[in-house]
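Report on the following structure.
Numbering (the numbering used here), first residue to last: 1 to 133.
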């Protein structure tokens, strides 16, 4: 099971609040040479080898990932999201978030700083249970 991490201006990424507009995202991608707009993502289902394709006007690829993996960053419903980001991609997300005047937040409400440290949850003031040790 994976985790999604989001760049958001909202108190909770899935809630209501100030959106990052698609136009803001497209302008950012256009001005960042390390990003390329793709508008679609493709993958193969490992069990069936079936190819699937998702189209969206907000899909970009980060070209400078240290492992040269295709790191997709997607804008949808006012937030920018990445599935299963590693430390390098979290650092890139924080760079984008600073420009967007936003923060990097995980599915469970935790916030990440540029060094992949989990910050206190703004809602409860508590660390997520898996970060207590």
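Glycine included, C-beta positions come from ideal geometry on N, C-alpha and C. Only a predicted model underlies this, so the values are computations on that prediction, with no experimental measurement involved.
- Annotation: the continuous alpha helix (DSSP H) that includes residue 95 extends over 87-100.
- Segment contact: the segment 40-59 against the segment 93-105, fewer than three CB-CB distances shorter than 8 Å; contact not assigned.
- Boundaries cannot be given for residue 58, as no alpha helix (DSSP H) includes it and DSSP labels it neither H nor E.
- Taken atom to atom, the span from the alpha-carbon of residue 6 to that of residue 45 is near 24 Å.
- The alpha carbon of residue 13 has as its nearest neighbour, out of 86, 81, 62, the alpha carbon of 81.
- A distance of 8 Å or more separates the beta carbons of residue 34 and residue 4.
- Residue pairing for residue 11: DSSP places it in no beta bridge.
- For the set 98, 78, 77, 72, the Cα lying nearest the Cα of residue 86 is the one of 72.
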